[in-house]
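Report on one structure; see the data block that follows.
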Amino acid sequence: MAPVAVHPLPSPPINLVSGPTKSLFTCPPAVLPSMTSQAIPAPSTSARPTERPNSELSSRSKFQFDDMEEALAAFGRGEFLVVMDDESRENEGDLIIAASQCSTQKMAWMIRHTSGFICIAVPGERLQELDIPMMVTENQDPKGTAYTITVDYKHGTTTGISAHDRALTARALAHAPIPAPPSPVPDTSSPCAPVQEASSPVPDTPNPPSTSAL
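For what it's worth, the UniProt record's numbering labels the leading residue of the sequence shown as 1, then goes sequentially.
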């Protein structure tokens, strides 16, 4: 019932430390940290994208790409981007946003307007830091999509399925400081499972788009 962490590089996946997920996230077995959801920074803006009537939208004679600098600046402001794939490959668009800027409202908008898996693109070093292993040790997916196990943030969440819980998990994965975990405590949260909302941001994604990316 949780976002899927995704290594942003194609297979072969990196070798990760096996064992329980550290500190912040549920995936049995796990340890309970002395860290609360208040430690996760809130996004600078929580507003969902403005939806205007079709009559107010400017007409285009053909599809146009935005300037790269403008797109990166918008991404830094916490705005959504649609990253297009090549027509000869999968011919899809991935809806992405900076995980650190993903509010409940933005996550709800993403869920409403997309399909597939909600995924978080996570650097390999961050996955190692959190002890989040790959979903399978031998990836037999023909496209080699580098999924990890699914995770939920442990504090301030319930089932992990709500837009609030998913947004908080995304921001937690993007939040760098990790406290030293205390003694292991048996995990009382539900086992993690994939969410059917958006696809992976890595190459050769198997599902229709939209993703939350770091």
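No residue lacks a Cβ here, since even glycine has one placed at the ideal position from N, Cα and C.
What residue range is occupied by the uninterrupted alpha helix (DSSP H) comprising residue i?
i: D165; result: A163 to A174
i: A105; result: One point to set straight first is that residue 105 is Gln, not Ala, in the sequence displayed. T104 to H113 is the span of the alpha helix (DSSP H), which, as asked, contains Q105.
i: F75; result: M68 to G76
Put residue i into one of helix, strand or coil per three-state DSSP.
i: G124; result: helix
i: A99; result: helix
i: S189; result: Because the pLDDT at S189 is just 26, under 50, the model does not fix this residue reliably, and the point stays unresolved.
i: P184; result: Low per-residue confidence applies at P184: pLDDT is 37, beneath 50, and the placement is therefore not dependable, though the value from the model is reported in the following sentence. In this structure, P184 counts as coil in the three-state DSSP scheme.
i: P33; result: Because the pLDDT at P33 is just 40, under 50, the model does not fix this residue reliably, and the value given afterwards should be weighed accordingly. P33 falls in the coil class under three-state DSSP.
i: T21; result: Per-residue confidence for T21 stands at a pLDDT of 45, beneath the threshold of 50, marking its modelled position as unreliable; the derived number appears in the next sentence. DSSP places T21 in strand when its eight states are reduced to three.
At what residues does the beta strand (DSSP E) containing residue i begin and finish?
i: I149; result: Y147 to T150
i: M84; result: L81 to M84
i: I96; result: G93 to I96
Checking 8 Å against the spacing of the C-beta atoms, do residue i and residue j come in under that value?
i: A170; j: A99; result: yes
i: S44; j: Q128; result: no
i: A163; j: I111; result: yes
i: V83; j: I97; result: no
i: A172; j: Y153; result: yes
i: E92; j: D85; result: yes
Return the bridge partner residues of residue i from the DSSP annotation.
i: M134; result: T148
Would residue i pass as an interface residue toward chain B - the criterion being a Cβ-Cβ separation below 8 Å?
i: P142; result: Among the protein chains of the structure shown there is no chain B, as only one such chain exists.
Can you find at least 3 beta carbon pairs, one from the stretch 62-76 and one from the stretch 122-141, that sit closer than 8 Å?
no
The stretch 102-115 touching the stretch 161-168, judged by at least three CB pairs closer than 8 Å
yes
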